[in-house]
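So the sequence shown is residues 1 to 105, counted in my numbering.
Cβ atoms here follow ideal geometry from the backbone N, Cα and C, with glycine treated the same way.
The structure displayed is predicted, hence computed values, not measured ones.
As structure tokens, the structure follows; a few thoughts come after it.
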Amino acid sequence: MALIECPSCQKRISSKAKECSHCRAKTDGDNESVRIISHIQQSNKLMTHSFVFLTLFIAGVVIWFWGGETATGLQSQIATGCFVFGFVGYTITRARIVLHKRKSV
Ligand SMILES: [Zn+2]
1 MALIECPSCQ KRISSKAKEC SHCRAKTDGD NESVRIISHI QQSNKLMTHS
51 FVFLTLFIAG VVIWFWGGET ATGLQSQIAT GCFVFGFVGY TITRARIVLH
101 KRKSV
């Protein structure tokens, strides 16, 4: 549990407290460090998502060309599935990262 300064009276209070124990000022939505931490956590989550989708995308390409020949039948369906899902997911996640970065901390 971290200690932060109350935005109104500057006394030390818990970062988890919804209001200051000294002056009863609401800390909700006005808590700088908690906001920054959640922003970073969201960034990390999006980075993980984009990495997973990119891996899926590459897996699709690898499956497609597995064995040196172009895939046929079930193999091509799995490859296309990974490829398309990975590509779409990656594009969406990249867009979300850009939007997330634009949002001021
Ligand atoms: Zn206070």
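Same chain, Cβ closer than 7 Å to Arg94, neighbours up to 5 away in sequence not counted: By one-based count along the sequence shown, residue 94 stands at place 94. Answer for Arg94: Ser50, listed in chain order.
Residues near His22 in its chain [Cβ-Cβ closer than 6 Å; skip 5 each side]: Counting from 1 along the sequence shown, the entry for residue 22 is found at position 22. Spatial neighbours of His22 in its own chain (CB-CB distance under 6 Å, excluding positions within 5 residues in sequence) are listed in chain order as Cys9, Lys11.
As assigned by DSSP and simplified to three states, the class of Arg12: Residue 12 sits at position 12 when you count from the first residue of the sequence shown. If DSSP states are grouped into helix, strand and coil, Arg12 belongs with the strands.
Closer than 8 Å to chain C by CB, Gly68: No chain C is present in this structure, which holds just one protein chain.
Bridge partners - Ile4, DSSP secondary structure assignment: Here residue 4 is taken as the residue at index 4 of the sequence shown, counted from 1. Answer is Ile13.
Per-residue DSSP class, three states only, for Glu32: Start at 1 with the first residue of the sequence shown, and residue 32 comes out as number 32. The answer is helix: DSSP assigns Glu32 an H, G or I state.
Cβ-based burial, Phe161 [other Cβ within 10 Å; buried from 16]: Since the first residue of the chain shown is 1 and the last is 105, residue 161 is not available in this structure.
Segments assigned beta strand (DSSP E), at least 3 residues, entirely inside the stretch 26-101: none
Cβ pair count under 8 Å reaching 3, the stretch 32-48 against the stretch 58-65: no
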